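Enquirer: Residue numbers (the numbering used here), protein chains in the order written: chain H, 708 to 1219; chain P, 226 to 376. Note that CB positions come from ideal geometry on N, CA and C, so glycine has one too. Remember, predicted model here, so these are calculated numbers, not experimental data. Would you mind keeping the following structure in view while I ask a few things?
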């Protein structure tokens, strides 16, 4: 393991890779700051550029973009109350009130220090957890992988649907359906190609991600333009940032918050499907309860604890979400799903073998995450007043740019103009679905996992002589499937039970 | 009025039905038909799941919130979509530089930008710079001009 760490350190410390982390963090912050554009869009926009790099460098760049985008999202949450991504919504609860009080600089500094600490602590956990899980997962068979993918998809659907499980599940199924377009991998039969040559290889994941995230976001911004008052507020916010210094008492107050939120964030991040959003809300809720009556009442009005907790947790969860990706090859979130797609296109199959076959990739990614955190702190924080100027670029210029980079990013991979037209179709469909409150991330995850799921299921059936009995005969497979069922059904039936209990209590109260 | 959930459910139901119908038409070779898992298996299972979930969404008592369609800039969004389609058609015959400058110029104009300095400043240098970066920096060749302008 030590050899691997040193090899990873050697790769990550190469000047070109250090530069990539820096560029990634910078570009990620830039893109993440734009309302609506989060890490998924940021990484998708970078993929065409990384095709020319070797896999470790490409991944390092993307890891930097990931962190940068989360940090950028926090900045727009704090300055203009417009979270770029769902993971930084909780940041706005206390960050924006602080900015309104003229303490935007302090809020940004707390966000940066908390992100740094959360990311650093979680990177250490990752260093320990990932190799252990990778070793265990070597014993996994196709049947277990199939079950794990089912677990990943149900968990994502259950968490991503903002309480609406059915819609999230439907989107997951839609993603799985789209993954079946093209030539069937084993039997060589064309499916859903409508006789079009352009669809024989299936739909590219990059195309789908760009169309449903970046492009549809641009179209949504056209449909619902910002009001003049919003624009004035944005201009005002970036003019008066205030001091970025923290007092000793403030550092003392947030230190335990950071410690607790890091552990919570990492653990939540490791769970498939949960990710940064759930982690940030859980950490916020936990700290509010732990803060006591007096400090707890400050939450939502500019509490530094309330800002530090979600910021720490969302960064820790980002590191945590790399555990299932790197060790099992199963992404736990939309963002890691797109990174998985990128890895596969580099010819690298993430999973337990990655740790053995490509230790330099495995370790350099983990180490570059740490470097990314350092760079965010020393480079991005002082530059925030300048980077924030992107918020002043008028939407009449910004939206066409986002559309152009999305279209051309996909075109430069395939050099097929059919892809541009397909993107327009998907973007329009995505806008419709978003207006109807359907979440997009489960669809992307279903799409990425679809092919792998089908292949593992087919392999499991071949190994078991065409018998489905492996689903209940192999204890590990069965346990994972039971967990998947619990993850799916418990949130669905809990409200009914709560209502039933409340009714009983009411009836008992009336009776007594 | 139909709620958001119900409209979505109807769309997804129609899509799943269409998908399921096409799944049954996936051509299989005679020896493949007897296998436990064929190219049809997963699509058929997904179609059934899609139909079941759409029906569940359609029938479940949920929020009655409808989708307001007024107040959106539909015309601009539709025109931008048309512009993207046109860009797709013009990219090869028109060459990257000319087609992209025209696309950005038209898109900014459509969204209400009327300052000539911004229109030109935000399109010409960015497109030429991007083309230079791709062709010179990353070795990705793209034809810059239409055929009649090539030497």
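Along chain H, which residues have their Cβ under 7 Å away from the Cβ of residue 298(P)?
Expert: As a working note, residue 298(P) is residue 73 in the second chain. Per Cβ cutoff of 7 Å: 929, 930 and 932.
Enquirer: Considering only C-alpha positions, which residue in the set 1203(H), 1139(H), 761(H) and 1154(H) is nearest to residue 294(P)?
Expert: Start at 1 with the first residue of the second chain, and residue 294(P) comes out as number 69. Ranking the options by Cα distance to residue 294(P), first place goes to 1139(H).
Enquirer: Going by DSSP, which residues form a beta bridge with residue 898(H)?
Expert: For the purposes of this step, residue 898(H) is identified with residue 191 of the first chain, where counting begins at 1. The secondary-structure analysis by DSSP pairs residue 898(H) across a beta bridge with 889(H).
Enquirer: Alpha carbon to alpha carbon, how far is residue 1127(H) from residue 312(P)?
Expert: Here residue 1127(H) corresponds to residue number 420 of the first chain, with the count starting at 1. Here residue 312(P) corresponds to residue number 87 of the second chain, with the count starting at 1. Straight-line Cα distance between these residues: approximately 8 Å.
Enquirer: Can you tell me the Cα-Cα spacing of residue 1189(H) and residue 262(P), whole angstroms?
Expert: Taking the first residue of the first chain as 1, we reach residue 1189(H) at position 482. Taking the first residue of the second chain as 1, we reach residue 262(P) at position 37. Their backbone Cα atoms lie some 23 Å apart in a straight line.
Enquirer: So residue 202(P) and residue 329(P) are in contact, right, with Cβ under 8 Å, and what is the actual spacing, rounded?
Expert: In the structure as shown, chain P starts at 226 and stops at 376, and residue 202(P) therefore has no counterpart that could be examined.
Enquirer: Excluding five sequence neighbours on each side, which residues of the same chain lie with their C-beta closer than 7 Å to the C-beta of residue 1219(H)?
Expert: Sequence index remark: in the first chain, residue 1219(H) carries index 512 (1-based). With a pLDDT of only 47 at residue 1219(H), under 50, the local geometry of the prediction cannot be trusted, and the value read off the model is given with reservation. Once the five neighbours on either side are set aside, residue 1219(H) has no close Cβ partner at all.
Enquirer: Run through chain H and tell me which residues come within less than 9 Å of residue 338(P), C-beta to C-beta.
Expert: Stepping through the second chain from its first residue, residue 338(P) is reached at position 113. The contacting residues are 1101, 1103, 1104 and 1107.
Enquirer: By a C-beta neighbour count over all protein chains shown, 10 Å radius and 16 as the cutoff for buried, is residue 322(P) buried or exposed?
Expert: Counted from its first residue, the second chain places residue 322(P) at position 97. Flag for residue 322(P) reads buried.
Enquirer: So, helix, strand or coil for residue 948(H), using DSSP?
Expert: Within the first chain, residue 948(H) is the residue found at index 241, counting from 1. If DSSP states are grouped into helix, strand and coil, residue 948(H) belongs with coil.
Enquirer: Return the residue from the list 1164(H), 812(H), 966(H) and 1202(H) that minimises the CA-CA distance to residue 1093(H).
Expert: One-based indexing of the first chain puts residue 1093(H) at position 386. Nearest C-alpha to residue 1093(H): 812(H).
Enquirer: Using the Cα positions of residue 332(P) and residue 712(H), report the straight-line distance between them to the nearest angstrom.
Expert: Numbered from its first residue, the second chain carries residue 332(P) at position 107. Numbered from its first residue, the first chain carries residue 712(H) at position 5. Rounded to whole angstroms, residue 332(P) to residue 712(H) spans 49 Å at the Cα level.
Enquirer: What residue range does the alpha helix (DSSP H) around residue 1053(H) cover?
Expert: By one-based count along the first chain, residue 1053(H) stands at place 346. Premise fails: residue 1053(H) is in no alpha helix (DSSP H) and is neither H nor E.
Enquirer: Roughly how many angstroms separate the alpha carbons of residue 1113(H) and residue 1122(H), rounded to a whole number?
Expert: Reading the first chain from its first residue, position 406 is the one you call residue 1113(H). Reading the first chain from its first residue, position 415 is the one you call residue 1122(H). Those two C-alpha atoms are separated by around 14 Å.
Enquirer: For residue 357(P), return the contacting residues in chain H, with the cut-off set at a CB-CB distance below 7 Å.
Expert: In the second chain, counting from the first residue as 1, residue 357(P) sits at position 132. Correct list: empty, because the minimum Cβ distance to chain H is about 14 Å.
Enquirer: Quick one: what does DSSP say residue 260(P) is sitting in, helix, strand or coil?
Expert: The residue given as residue 260(P) occupies position 35 in the second chain. The answer is coil: DSSP assigns residue 260(P) none of H, G, I, E or B.
Enquirer: Under a three-way DSSP split, which group does residue 228(P) fall into?
Expert: Translated into the one-based positions of the second chain, residue 228(P) becomes position 3. In the three-state reduction of the DSSP assignment, residue 228(P) falls in the coil class, being assigned neither a helical nor a strand state.
Enquirer: Which class does residue 810(H) belong to by DSSP, given the choice of helix, strand or coil?
Expert: Here the question's residue 810(H) lines up with position 103 in the first chain. Note: residue 810(H) maps to coil in three-state DSSP.
Enquirer: What are the residues in the region 834-853 of chain H lying within 8 Å of chain P by C-beta distance?
Expert: none
Enquirer: Is there a C-beta anywhere in chain H that falls below 7 Å from the one on residue 322(P)?
Expert: The sequence position of residue 322(P) within the second chain is 97, counting from 1. It does not; no Cβ of chain H falls within 7 Å.
Enquirer: Alpha carbon to alpha carbon, what distance is there between residue 1085(H) and residue 774(H)?
Expert: If you number the first chain from 1, residue 774(H) lands on position 67. If you number the first chain from 1, residue 1085(H) lands on position 378. Their backbone Cα atoms lie some 14 Å apart in a straight line.
Enquirer: Please look up how many angstroms separate the CB atoms of residue 923(H) and residue 976(H), rounded, as I've assumed it's under 8 Å.
Expert: Numbered from its first residue, the first chain carries residue 923(H) at position 216. Numbered from its first residue, the first chain carries residue 976(H) at position 269. That belief does not hold up - the Cβ atoms of residue 923(H) and residue 976(H) are roughly 26 Å apart, past 8 Å.
Enquirer: Under 7 Å between C-beta atoms, does residue 262(P) make it to chain H?
Expert: Counting from one through the second chain, the residue named residue 262(P) turns up at place 37. So, interface residue.
Enquirer: How would you label residue 907(H), buried or exposed, when you count the other beta carbons within 10 angstroms and need 16 or more for buried?
Expert: Here residue 907(H) refers to the residue found at position 200 of the first chain. By the neighbour-count rule (16 or more Cβ atoms within 10 Å), residue 907(H) is not buried but exposed.
Enquirer: Work out the CA separation of residue 1149(H) and residue 1187(H) for me, nearest whole Å.
Expert: As a position in the first chain, residue 1187(H) is number 480, starting the count at 1. As a position in the first chain, residue 1149(H) is number 442, starting the count at 1. Distance between the alpha carbons of residue 1187(H) and residue 1149(H) is about 19 Å.
Enquirer: Closer than 8 Å between beta carbons: that is the criterion. Which residues of the region 302-316 of chain P meet it against chain H?
Expert: Cβ contacts with chain H come from 302, 305, 306, 309, 310, 312, 313, 314 and 316.
Enquirer: Start and end of the alpha helix (DSSP H) containing residue 758(H)?
Expert: Indexing the first chain from 1 puts residue 758(H) at position 51. Looking at the DSSP string, residue 758(H) is not in any alpha helix (DSSP H), and its letter there is neither H nor E.
Enquirer: Using the C-alpha atoms, what's the distance from residue 364(P) back to residue 349(P)?
Expert: Taking the second chain and counting its residues from 1, one reaches residue 349(P) at position 124. Taking the second chain and counting its residues from 1, one reaches residue 364(P) at position 139. Computed Cα separation, rounded: 21 Å.
Enquirer: What residues of chain H sit near residue 360(P), judged by a beta carbon separation below 9 Å?
Expert: Indexing the second chain from 1 puts residue 360(P) at position 135. Think of a sphere of 9 Å around the beta carbon of residue 360(P): no beta carbon from chain H falls inside it, the nearest being about 11 Å out.
Enquirer: Go through its chain and collect everything with a Cβ distance to residue 1023(H)'s Cβ below 6 Å, but skip five positions before and after it.
Expert: For this step, residue 1023(H) is matched to residue 316 along the first chain. Within the same chain, Cβ atoms closer than 6 Å to the Cβ of residue 1023(H) are found at 825, 829, 969, 972 and 973, the five residues on either side in sequence being excluded.
Enquirer: Are the CB atoms of residue 837(H) and residue 1071(H) within a distance shorter than 7 Å?
Expert: Mapped onto the first chain, residue 1071(H) falls at position 364. Mapped onto the first chain, residue 837(H) falls at position 130. No; because the gap between Cβ atoms is not below 7 Å, this pair is not in contact.
Enquirer: Can you name the residues of chain H whose CB is closer than 8 Å to the CB of residue 275(P)?
Expert: Position 50 of the second chain, counted from the first residue, corresponds to residue 275(P). Neighbours of residue 275(P) on chain H, chain order: 877, 880, 881 and 884.
Enquirer: Go ahead and label residue 805(H) buried or exposed: buried means 16 or more other beta carbons lie within 10 angstroms of its beta carbon, across all protein chains shown.
Expert: Looking up residue 805(H) in the first chain gives position 98. Label assigned to residue 805(H): buried.
Enquirer: Contact check, residue 916(H) vs residue 744(H) under 8 Å by CB: the rounded distance?
Expert: Taking the first chain and counting its residues from 1, one reaches residue 916(H) at position 209. Taking the first chain and counting its residues from 1, one reaches residue 744(H) at position 37. Incorrect: roughly 12 Å between the Cβ atoms, too far for contact.
Enquirer: Considering residue 310(P), what are the terminal residues of the alpha helix (DSSP H) in which it resides?
Expert: In the second chain, residue 310(P) corresponds to position 85, counting from 1. Where residue 310(P) is concerned, the enclosing alpha helix (DSSP H) stretches over 299-319.
Enquirer: Threshold first: 4 residues or longer. Then list the alpha helix (DSSP H) segments lying entirely within the region 1133-1207 of chain H, N to C.
Expert: 1148-1170 and 1177-1180
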